[in-house]
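In my numbering, the protein residues as written are 353 to 736.
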């Protein structure tokens with residue numbers, strides 16, 4: 353049964369700025385609507401959020417280093433976006449289903465995906481590194497803006513099945529210019545699908561600043577489709593957790609979709625194939641360093657007497673251990689067998705694919721039977 357769209361259209365801070373529960377210096381800011389949504393966080397839970405962000409940043413640094421050393425083909429840094437990813441991912445229940453873009457590696461970590469599986473796509477050994485139904489997270493999408501359509505379709509299926517679960521999809525500010533994202537919102541609103549559309553506005557769509565394609569806050573677009581939205585400080589892990597919890601509750605209760613714009617900043621490159629110094633002002637980067645999500649939360653925890661030296665040491669050790677596991681798994685990851693190219697293409701046997709596999713195997717058998725016929729010297733002889 354469909355329900356009516358919520359009465360609120362877009363929610364922001366009192367002065368129109370993104371909602372905050374923590375100011376940039378770590379001062380706690382009370383909020384009548386959202387305090388209840390983080391009231392259950394005891395000291396251990398708060399330290400857990402801090403640990404998640406520190407570990408995520410260490411994963412990112414290790415991924416970048418592995419790419420520079422030739423161990424992975426590409427890496428999409430998410431430095432500076434830890435609060436948006438960790439806060440939102442920790443709001444989801446295990447039975448909620450997530451559709452993410454390639455940059456939500458911290459979300460995958462929160463979902464419990466092993467280090468090796470997080471790296472398979474970037475190492476190029478598998479198209480998808482994990483079983484989506486084991487972790488309730490689809491393989492990360494590289495095609496910009498494609499995954500919101502997948503998420504809304506899945507959410508419609510959840511709705512038809514009568515399940516009390518929610519679906520969440522992540523995308524960047526650049527993806528909001530794609531037709532797929534807007535079509536997804538049409539379907540989400542029309543069917544009141546239980547989906548949360550989570551936009552990480554990191555200010556840069558590769559080399560294009562967000563202001564070039566969005567002359568008003570991105571969250572303003574959703575109410576035009578009949579979807580309530582909220583604009584939140586994406587560097588505030590508590591605020592991200594609170595607004596995402598509310599949106600997921602909204603979906604599970606049968607009230608339809610919600611839209612979250614998390615205003616954050618991509619402090620690194622778009623990918624390791626990108627050089628942001630060619631298009632980004634260094635002063636802008638420094639301004640955002642002052643709003644660092646980990647430093648902000650660390651200041652809050654220290655002020656509250658929750659984070660001491662021993663806990664800092666333990667968190668640092670955990671981050672180093674995860675990074676070491678990531679490196680070890682990546683470097684020693686076995687290469688796939690050539691025939692695996694034909695696995696998981698179709699769900700059922702397919703005559704055309706079977707014929708291609710047979711031809712492929714026959715071709716490779718030539719080299720197995722006559723390895724001397726393709727010796728390297730055969731190709732280099734006479735070259736000089």
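For glycine and all other residues, C-beta sits at the position ideal for the given N, C-alpha and C. Note that this is a predicted model, so its numbers are computed, not measured.
The three-state reading of DSSP puts residue 557 in strand, counting E and B together. Within its own chain, the residues whose Cβ lies closer than 7 Å to the Cβ of residue 497, once the five positions on either side in sequence are excluded, are 523, 527, 530, 532 and 533, listed in chain order. Looking at the DSSP output, residue 414 shares a beta bridge with no other residue.
Rounded to whole angstroms, the separation of the alpha carbons of residue 611 and residue 590 is 18 Å.
Judged by beta-carbon spacing, residue 480 lies within the 8 Å limit of residue 491, meaning their Cβ atoms are closer than that value.
If you look at residue 378, you'll find it isn't in any beta strand (DSSP E); DSSP assigns it neither H nor E.
Contact check for residue 622 against residue 558 passes: the beta carbons are separated by less than 8 Å. Taking every protein chain shown into account, the CB of residue 703 has fewer than 16 other CB atoms within 10 angstroms, so this residue is exposed.
Annotated three-state conformation of residue 450 is strand, per DSSP. An exposed status is given to residue 625, since fewer than 16 other beta-carbon atoms sit within 10 Å of its beta-carbon. For residue 614, the uninterrupted beta strand (DSSP E) segment begins and ends at 610-615.
For residue 652, the enclosing alpha helix (DSSP H) begins and ends at 645-655. Contact between residue 382 and residue 585 does not hold, since their C-beta atoms are separated by about 15 Å, which reaches or exceeds 8 Å.
For residue 450, the number of other beta carbons within 10 angstroms of its own is at least 16, and it is reported as buried. Within the stretch 435-495, the runs of alpha helix (DSSP H) at least 4 residues long that lie entirely inside it are, in chain order, 457-462, 467-475 and 484-487.
Per the C-alpha coordinates, the member of 476, 374 and 396 positioned closest to residue 685 is 476. For residue 419, the closest alpha carbon among the candidates 695, 682, 707 and 720 is that of 682.
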